[in-house]
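Novice: Below is one structure. I have some questions about it.
Number of protein chains: 2
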Amino acid sequence: MSKAGITIQDVAKHASVGVSTVSKVLNDYRDIAPDTRERVLKSVEELGYTVNRAARSFRTGKTQTASIFMPMVGTEFYDRLVTAIDNELAAHDYDAALFPLLNSQRLARYKAPDALPYHADGLIFASLNPDWLFTDARLPVSLPTVLVDAYHANYDTVTVDNSGGAYAATMHLLERPADTFAILVQERYDTPFASGVFLERRKGFERALREHGLSVQKDHIATAEFSSDGGRIAFRQILDRAKPPLNIFASCDLLARSVLDEAARLDLKLGRDIRLVGFDDQPWAAGLGLSTMHQPVEQMGKLATDFLLKRLADAEHEIRHHEVKPELIVRETS
Amino acid sequence: MSKAGITIQDVAKHASVGVSTVSKVLNDYRDIAPDTRERVLKSVEELGYTVNRAARSFRTGKTQTASIFMPMVGTEFYDRLVTAIDNELAAHDYDAALFPLLNSQRLARYKAPDALPYHADGLIFASLNPDWLFTDARLPVSLPTVLVDAYHANYDTVTVDNSGGAYAATMHLLERPADTFAILVQERYDTPFASGVFLERRKGFERALREHGLSVQKDHIATAEFSSDGGRIAFRQILDRAKPPLNIFASCDLLARSVLDEAARLDLKLGRDIRLVGFDDQPWAAGLGLSTMHQPVEQMGKLATDFLLKRLADAEHEIRHHEVKPELIVRETS
DNA sequence: ACTAACATCGAAAACGATTTCGAAATCGTT
DNA sequence: AACGATTTCGAAATCGTTTTCGATGTTAGT
Chain A
1 MSKAGITIQD VAKHASVGVS TVSKVLNDYR DIAPDTRERV LKSVEELGYT
51 VNRAARSFRT GKTQTASIFM PMVGTEFYDR LVTAIDNELA AHDYDAALFP
101 LLNSQRLARY KAPDALPYHA DGLIFASLNP DWLFTDARLP VSLPTVLVDA
151 YHANYDTVTV DNSGGAYAAT MHLLERPADT FAILVQERYD TPFASGVFLE
201 RRKGFERALR EHGLSVQKDH IATAEFSSDG GRIAFRQILD RAKPPLNIFA
251 SCDLLARSVL DEAARLDLKL GRDIRLVGFD DQPWAAGLGL STMHQPVEQM
301 GKLATDFLLK RLADAEHEIR HHEVKPELIV RETS
Chain B
1001 MSKAGITIQD VAKHASVGVS TVSKVLNDYR DIAPDTRERV LKSVEELGYT
1051 VNRAARSFRT GKTQTASIFM PMVGTEFYDR LVTAIDNELA AHDYDAALFP
1101 LLNSQRLARY KAPDALPYHA DGLIFASLNP DWLFTDARLP VSLPTVLVDA
1151 YHANYDTVTV DNSGGAYAAT MHLLERPADT FAILVQERYD TPFASGVFLE
1201 RRKGFERALR EHGLSVQKDH IATAEFSSDG GRIAFRQILD RAKPPLNIFA
1251 SCDLLARSVL DEAARLDLKL GRDIRLVGFD DQPWAAGLGL STMHQPVEQM
1301 GKLATDFLLK RLADAEHEIR HHEVKPELIV RETS
């Protein structure tokens, strides 16, 4: 068990060496003889010494820590993303600390340049609107930064090809002999959480229609709030305009689920009366047989972390952008 | 904009005072004349000085930070809880850093006594099994600690009266003239996430039955995994054993939602064929008309934080336990 | 045997803040 | 005027670590 108050001095005395020797052993310097190295390590063990992080980061100016900003919507997406980032960071001796942007109060606190999140070597922003953060909110970011699931020319970014994903989903639906509709999230661009992904998905949907020789008709698109209710209302709107069978692309699984629920209530059979494709591949999607777009989240997390680590090592490195491709998973609903 | 590299020395020189005077101004010492105080503050402003957190915490041995451990299930519950804790901490000049227990790898890393989360003044564990954490996993916690939504005699705790809540929900259902069943989460006690809340809810259900003069029959209880599928399967089991109308207490809203979905699919009307009460009051519960038990989460967060702050100030303070009461919200499903 | 090259170690400086304690200045009272 | 009390300020010590650089010892080559 590690006792507090044990310093490197104590270890040095116990091992009969200088403090600098202990430090070198702990930091893998190469000018240490194997047997003294052994002795120091044994003393460290016996005394239960652990490095004083505050002293270390004070001296080095580094914290071996990255702060992750993200929305506090607890979807599987962030679970997987954070796990991937955390694992990759840990493999390089970095720690990750999470800072969900819960509400305006918390955001206001992050405007202070000495707020906790900036007590790190680098920052990762996930699914957050960079214009809002850096221009409107004026977050004082002067640390190496990478964006995941959001794009900005001035930063390293890892994004999903949302447009292409929506395109693929829509093309899949257009193969079926029925009118094809979309339920799209109405993004509000005056919030930190509007990363533009839903706009991209809309574009992909419209592009697919055009390439299929169809005009983009207003009444084939229903916009919805990002909520179960929003999805239900939008689905009802579509049913007011057209009768089954019909195809529906929902720009996220949350909305798709509302369609599933409401269709069951109305005795409409999925895959026959309604063909449905969602986006996200939430964990429950497989169980409900929902066709949807799967995103390579682990890859995104690893890439983003690698970008950050590279920038920590070389601040002048050329800015990089990487776009990963989502994959269509066909299940019963389509 | 705050420039890096500006130290307290620079400020002192700029304001023509000693460094200790600057430090005193920044830390609200009282032996500072109003006009020198002004002058220092102006220099701080002009130079864009911000304190070097590493140097400060190195010197003081304090970080002004609390680490929050929690499961990474992104329910509204944790959103509200973390917000409440964060606000209360901020009011006392503390920062909060989040550490979701994502997976076994991450947990393993937290066994190191010098892991990032312990680089804090205190710890808050939310909804985590203390026996597992401190006994099985042997987390090296030597910092002031409080538990929320979990009980342990040796720590300050804030808990919900889960038994009482389930009792109230069940009593409410027993007023209706139909057989009353329960869908209960089958908790696994060999994980860090088994905080015992579902066991308590089961007890409350059984107590209500007994007090109502009914024996606790095995086939009136269906256990389920904590998932949509689990809820659906359990609901099916109940329907195999009894025909509507019937009353169902679901020990969490997630399971209740499965019942809602499946009932719609089977053309069973909630509030008539099935009377249903959940537990948690998730944000979608109101929209779907789900009767459920609402928990005073904000109060829990504030209480837990106050407990922690008190213990930071006085390590020898008597251990405190507080139990908050959930409230029955009656909507259409019951 | 002499020198050059190399291996190993430790003394000491430095990082930027806080805190102690004594000095200096001011004030109030007689 | 003299004295003590009070207010205000700053010099210096201190926290635990890393890193530099010189000292010392050892080996190799001629």
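First to last, the sequence lines map onto chains A and B. Counting from 1, one number per residue, gives the positions in the first sequence under the numbering used here. Counting from 1001, one number per residue, gives the positions in the second sequence under the numbering used here. Ideal Cβ positions, reconstructed from N, Cα and C, are used throughout, including at glycine.
(1) Would T1065 of chain B pass as an interface residue toward chain A - the criterion being a Cβ-Cβ separation below 8 Å?
(2) Alpha carbon to alpha carbon, what distance is there between F1134 of chain B and S2 of chain A?
(3) Roughly how many angstroms lie between the CA atoms of R188 of chain A and T223 of chain A, to the nearest whole one?
(4) Counting only Cβ-Cβ distances shorter than 7 Å, please list the residues of the stretch 1043 to 1056 of chain B near chain A, keeping chain order.
(5) Output, in chain order, the set of chain A residues within a Cβ distance shorter than 9 Å of G1164 of chain B.
(6) Thinking C-beta only, is S291 of chain A closer than 8 Å to L276 of chain A?
(7) Cβ of D1079 of chain B less than 8 Å from any chain A Cβ?
(8) Taking 8 Å as the threshold (beta carbon to beta carbon), is G287 of chain A in contact with chain B?
(9) Cutting at 6 Å between CB atoms, please list the residues of its own chain near V1022 of chain B, excluding the five before and the five after it.
(10) Using DSSP's beta-bridge definition, name the partner residues of P1071 of chain B.
(11) By how many angstroms is the C-alpha of A1166 of chain B removed from the C-alpha of S1251 of chain B?
(12) How would you list, in chain order, the residues of chain B whose beta-carbon sits under 7 Å from the beta-carbon of Q105 of chain A?
(13) Could you check the C-alpha separation between A178 of chain A and I1233 of chain B for me, to the nearest Å?
(14) In terms of residues, what are the limits of the alpha helix (DSSP H) holding G1164 of chain B?
(15) Against chain A, with Cβ distances strictly below 8 Å, would R1098 of chain B count as a contact?
(16) Smallest Cα separation from Y1049 of chain B: which of B:D1028, B:A1315, B:Y1078, B:A1015?
(17) For the stretch 1248 to 1267 of chain B, list every residue whose C-beta sits within 7 Å of some C-beta in chain A, in sequence order.
(18) According to a CB-to-CB cut-off of less than 7 Å, which residues of the stretch 226 to 251 of chain A neighbour chain B?
(19) In three-state DSSP terms, what is M1 of chain A?
(20) Taking C-beta pairs closer than 8 Å, name the residues in chain B that H119 of chain A reaches, listed in chain order.
(21) Starting from A90 of chain A, find everything on chain B with Cβ-Cβ shorter than 7 Å and list it in chain order.
(22) Classify R1337 of chain B: buried if its beta carbon has 16 or more other beta carbons within 10 angstroms, exposed otherwise.
(23) For the candidate residues B:R1265, B:S1227, B:P1296, B:L1239, whose alpha-carbon lies nearest to that of L1255 of chain B?
(24) CB V1146 of chain B to CB T1157 of chain B, shorter than 8 Å?
(25) Which residue comes first and which comes last in the beta strand (DSSP E) that contains L1143 of chain B?
(26) Is L82 of chain A close to chain B? Criterion is C-beta to C-beta, closer than 8 Å.
(27) Is it a yes or a no for the stretch 70 to 87 of chain A touching the stretch 112 to 132 of chain A, going by three-plus beta-carbon pairs under 8 Å?
(28) Would you check if there are 3 or more beta carbon pairs closer than 8 Å linking the stretch 1321 to 1334 of chain B to the stretch 1261 to 1281 of chain B?
(29) Assuming T1180 of chain B and T1170 of chain B are in contact, meaning their beta carbons sit under 8 Å apart, how far apart are those beta carbons, in whole angstroms?
(30) Nearest-angstrom Cα distance between N361 of chain A and K302 of chain A?
(31) Under 7 Å Cβ-Cβ, which residues of chain B neighbour F58 of chain A?
(32) Measure from the alpha carbon of N27 of chain A to the alpha carbon of each residue in A:V51, A:I6, A:L116, A:V17, then state which is nearest.
(33) Hey, how far is the Cα of A264 of chain A from the Cα of D1261 of chain B?
(34) For D161 of chain A, I'd like the list of residues in its chain whose CB is within less than 6 Å of its CB, leaving aside the five on either flank, ordered along the chain.
(35) Where do the N-terminal and C-terminal ends of the beta strand (DSSP E) with A222 of chain A fall, by residue?
(36) If contacts are defined as beta-carbon pairs under 8 Å, then F249 of chain A and F205 of chain A qualify, I think. What distance do you get, rounded to the angstrom?
Specialist: Looking at the atomic coordinates:
(1) yes
(2) For S2 of chain A, the predicted model reports a pLDDT of 49, less than 50, meaning its position is unreliable; a value from the coordinates is still stated below. S2 of chain A and F1134 of chain B: Cα-Cα distance of roughly 15 Å.
(3) 12 Å
(4) So the close ones are T1050, V1051, R1053, A1054, A1055.
(5) Correct list: empty, because the minimum Cβ distance to chain A is about 27 Å.
(6) Cβ atoms of L276 of chain A and S291 of chain A: closer than 8 Å.
(7) yes
(8) yes
(9) I1008, V1011, A1012, V1040
(10) B:L1101
(11) 7 Å
(12) N1087
(13) Note on geometry: alpha-carbon atoms of A178 of chain A and I1233 of chain B lie some 34 Å from one another.
(14) 1162 to 1174
(15) Reading off the sequence shown, one finds Leu at residue 1098 of chain B, where the question assumed Arg. L1098 of chain B counts as touching chain A.
(16) B:A1015
(17) D1261, A1264, R1265
(18) S228, D229
(19) Low per-residue confidence applies at M1 of chain A: pLDDT is 42, beneath 50, and the placement is therefore not dependable enough to give any value.
(20) R1053, A1054
(21) R1109
(22) No information on residue 1337 of chain B is available, as it lies outside the stretch 1001 to 1334 that chain B covers here.
(23) Of B:R1265, B:S1227, B:P1296, B:L1239, the residue nearest in Cα terms is B:S1227.
(24) T1157 of chain B is positioned such that its CB atom lies closer than 8 Å to that of V1146 of chain B.
(25) No beta strand (DSSP E) holds L1143 of chain B; DSSP gives it neither H nor E.
(26) Here residue 82 of chain A is Val; the residue named in the question, Leu, does not match the sequence. Judged by the 8 Å Cβ criterion, V82 of chain A is in contact with chain B.
(27) Contact holds: three or more Cβ-Cβ distances are below 8 Å.
(28) yes
(29) 7 Å
(30) Because chain A spans 1 through 334 in this model, residue 361 of chain A falls outside it and cannot be assessed.
(31) A1054, A1055, F1058
(32) A:V51
(33) Cα to Cα, the separation comes out at about 8 Å.
(34) E323, K325
(35) 221 to 224
(36) Approximately 6 Å separates the beta-carbon atoms of F249 of chain A and F205 of chain A; this is inside 8 Å, confirming the contact.
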